[in-house]
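Q: One structure, as structure tokens, below. Some questions next.
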């Protein structure tokens, strides 16, 4: 019962439904994104100093434990927090895929995986005094490796119950930070200067992208399409197609700020659809991008502070709509009043991908761009 309560508490704090009757969402948590990665919530993250290259796919958490230590209650705790779905994305998109490995398999296969939590029962540990140490750069650069040790399974579970929300924040933050570290901070000067001039913002961008802008109100930064081979069965024989692809990028738009009511999340979403209808036309005539507002997938939002900027973060689904509805996808966006200009600025990442392909890398890259935002005059 107590681990169910922890899970429900996390959901109540971290997400809220975009409902016209409760648009202000005063209870939303303001999270400081731009902070020192070695200190969070008063707990210290120890830098182990490794410079080896990490391995493994993004969005995976490896729990190193014996089967007798990874009991059902502990497995449920990891699944309910780390593997919770990113609401309201559909199909289901978990924050992490959680895998358990024995210590022997972990050492035999690879110790340089991105995200690792080690659980250990040791009777030498004092009863009632379990320990937790969080390391960065442990076996590999940017790896997060946490060691939890306890006298018995009861102490281990109680420690996890207390710390699992904090650990989730650390690992989730490191997922997008890895992509941020990969983005060259001193390159892309031409595009960044255009963003500074037009929108009053600076963004750290990936190495490869294409940039287009329309007037002074809208711009789009398109990431290279990603493809992979896809096996298709036709008339009993297998063939290969490259139809399995991902399209993603970040859109930026702005409009004049005239009234505080514009910052109501419901009104921010209404203006989103107005802007996108005008600027994001599909290749099919009469079709444009819009927000999916079905009750089952209403956008979720929370108040969020990035550096010195306070705004609203949204997650939701988009669809191309109008004369027909050929496709759709997921979006992750951030909307705020510019601190020194009388404008409202939105940075909206989008992802159009087959449901069978993991979205972790793409959303980490999108979040790395959004969370790098700085306001300039």
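In my numbering, the protein residues as written are 2 to 378.
Glycine residues also receive a C-beta, built at the ideal position from the N, C-alpha and C atoms.
Nearest to residue 112 by alpha carbon, out of 142, 131, 124, 89?
A: Residue 112 sits at position 111 when you count from the first residue of the chain shown. Taking only the C-alpha atoms, the option nearest residue 112 is 142.
Q: Just to confirm before moving on: does the CB-CB distance between residue 127 and residue 147 stay below 8 Å?
A: Residue numbering aside, residue 127 sits at position 126 when the chain shown is read from its first letter. Residue numbering aside, residue 147 sits at position 146 when the chain shown is read from its first letter. No.
Q: Candidates 275, 297, 345, 313: which alpha carbon is nearest residue 322's?
A: Here residue 322 refers to the residue found at position 321 of the chain shown. It is 275.
Q: Quick one: Cα of residue 103 to Cα of residue 70, how far?
A: What you label residue 103 is simply residue 102 of the chain shown in a count that begins at 1. What you label residue 70 is simply residue 69 of the chain shown in a count that begins at 1. Taking the straight line joining both Cα atoms gives about 10 Å.
Q: Can you tell me whether residue 337 is helix, strand or coil according to DSSP?
A: Within the chain shown, residue 337 is the residue found at index 336, counting from 1. Reduced to three states, the DSSP call for residue 337 is strand.
Q: Since residue 255 and residue 319 should fall inside the 8 Å C-beta cutoff, what is the C-beta to C-beta distance between them, to a whole number of angstroms?
A: The residue labelled residue 255 in the question sits at position 254 within the chain shown. The residue labelled residue 319 in the question sits at position 318 within the chain shown. That pair is no contact at about 19 Å.
Q: Just checking, does the stretch 51-64 make contact with the stretch 328-341 on the three C-beta pairs under 8 Å criterion?
A: The stretch 51-64, when compared against the stretch 328-341, does not touch it at the 8 Å Cβ threshold.
Q: What are the start and end residues of the alpha helix (DSSP H) that includes residue 285?
A: As a working note, residue 285 is residue 284 in the chain shown. First-last for residue 285: undefined, no H or E at that position.
Q: Residues in its own chain within less than 7 Å of residue 379 by CB, not counting five upstream and five downstream?
A: With the chain covering only 2 through 378, there is no way to say anything about residue 379.
Q: Would the C-beta of residue 374 count as close to the ligand GDP, meaning under 7 Å from any of its heavy atoms?
A: The ligand content of the structure shown is nil, which means the ligand GDP is not present either.
Q: So what's residue 23 in DSSP terms, helix, strand or just coil?
A: Taking the chain shown and counting its residues from 1, the one referred to as residue 23 is at position 22. A caution first: residue 23 carries a pLDDT of 36, below 50, which makes its placement in the model unreliable, though a value can still be read off. Of the three classes helix, strand and coil, the one that applies to residue 23 here is coil, per DSSP.
Q: Please check the pair residue 349 and residue 362, which I expect to be a contact at CB under 8 Å, by giving their CB distance rounded to whole angstroms.
A: Position 348 of the chain shown, counting from 1, holds the residue named residue 349. Position 361 of the chain shown, counting from 1, holds the residue named residue 362. With a Cβ gap of about 18 Å, residue 349 and residue 362 do not count as contacting.
Q: Going by C-alpha distance, which of 366, 313, 302, 367 is nearest residue 89?
A: If you number the chain shown from 1, residue 89 lands on position 88. Cα-wise, what sits closest to residue 89 is 302.
Q: When DSSP builds the beta bridges, which residues end up paired with residue 48?
A: Translated into the one-based positions of the chain shown, residue 48 becomes position 47. Note: residue 48 sits in a beta bridge opposite 137.
Q: Within the continuous beta strand (DSSP E) that includes residue 171, where are the two ends?
A: As a first step, residue 171 is located in the chain shown; it is residue number 170 there, counting from the start. Careful: residue 171 lies outside any beta strand (DSSP E), inside the alpha helix (DSSP H) at 154-183.
Q: Grab me the residues of residue 213's own chain with a C-beta within less than 8 Å of its C-beta, minus the 5 sequence neighbours each way, in chain order.
A: For the purposes of this step, residue 213 is identified with residue 212 of the chain shown, where counting begins at 1. These residues qualify, in order along the chain: 220, 221, 223.
Q: What's the C-alpha gap between residue 341 and residue 115?
A: Start at 1 with the first residue of the chain shown, and residue 341 comes out as number 340. Start at 1 with the first residue of the chain shown, and residue 115 comes out as number 114. Straight-line Cα distance between these residues: approximately 39 Å.
Q: Are there 16 or more other CB atoms within 10 angstroms of the CB of residue 317, so buried, or fewer, so exposed?
A: Your numbering for residue 317 matches position 316 in the chain shown. Flag for residue 317 reads buried.
Q: What is the rounded straight-line gap between the Cα of residue 211 and the Cα of residue 366?
A: If you number the chain shown from 1, residue 211 lands on position 210. If you number the chain shown from 1, residue 366 lands on position 365. Cα to Cα, residue 211 sits roughly 15 Å from residue 366.
Q: Are the CB atoms of residue 185 and residue 208 within a distance shorter than 8 Å?
A: Against the chain shown, residue 208 aligns to sequence position 207. Against the chain shown, residue 185 aligns to sequence position 184. In this structure, residue 185 lies closer than 8 Å to residue 208 by Cβ.
Q: Under the three-state reduction of DSSP, which class applies to residue 262: helix, strand or coil?
A: The count along the chain shown starts at 1 and reaches residue 262 at position 261. Residue 262: helix per DSSP, three-state reduction.
Q: Taking the CB atoms as reference points, tell me whether residue 99 and residue 77 lie closer together than 8 Å.
A: For this step, residue 99 is matched to residue 98 along the chain shown. For this step, residue 77 is matched to residue 76 along the chain shown. Contact flag unset, no.
Q: Taking the C-alpha atoms as reference points, what is the distance between residue 268 and residue 175?
A: Translated into the one-based positions of the chain shown, residue 268 becomes position 267. Translated into the one-based positions of the chain shown, residue 175 becomes position 174. Spanning the two alpha carbons is a distance of roughly 32 Å.
Q: Quick check on residue 279: does DSSP put it in helix, strand or coil?
A: To locate residue 279, count along the chain shown from 1; it is residue 278. Three-state result, residue 279: helix.
Q: Tell me residue 116's beta-bridge partners as DSSP assigns them.
A: Residue 116 sits at position 115 when you count from the first residue of the chain shown. The partner list for residue 116 (beta bridge, DSSP) reads 145.
Q: Does DSSP classify residue 98 as helix, strand or coil?
A: Counting from one through the chain shown, the residue named residue 98 turns up at place 97. Looking at residue 98 - three-state DSSP - the assignment turns out to be strand.
Q: With a CB to CB cut of under 7 Å and the five nearest residues on each side skipped, what residues in its chain are close to residue 52?
A: Numbered from its first residue, the chain shown carries residue 52 at position 51. 142, listed in sequence order.
Q: For residue 310, which residues from the same chain have a beta carbon less than 7 Å from its beta carbon, with the 5 sequence-adjacent residues on both sides left out?
A: Working through the chain shown from its first residue, we reach residue 310 at position 309. 337, 340, 374, 376.
Q: Quick one: grab the DSSP three-state call for residue 81.
A: Residue 81 sits at position 80 when you count from the first residue of the chain shown. Note: residue 81 maps to helix in three-state DSSP.
Q: DSSP three-state label for residue 293, please.
A: For the purposes of this step, residue 293 is identified with residue 292 of the chain shown, where counting begins at 1. Of the three classes helix, strand and coil, the one that applies to residue 293 here is coil, per DSSP.
Q: Which stretch, first to last residue, makes up the alpha helix (DSSP H) that contains residue 66?
A: Residue 66 sits at position 65 when you count from the first residue of the chain shown. No alpha helix (DSSP H) holds residue 66; DSSP gives it neither H nor E.
Q: Tell me which residue opens and which closes the alpha helix (DSSP H) that residue 368 is part of.
A: Numbered from 1 along the chain shown, position 367 holds the residue referred to as residue 368. First-last of the alpha helix (DSSP H) with residue 368: 361-371.
Q: What residue does the beta strand (DSSP E) around residue 316 start on, and which one ends it?
A: The residue given as residue 316 occupies position 315 in the chain shown. Residue 316 -> beta strand (DSSP E) spans 310-323.
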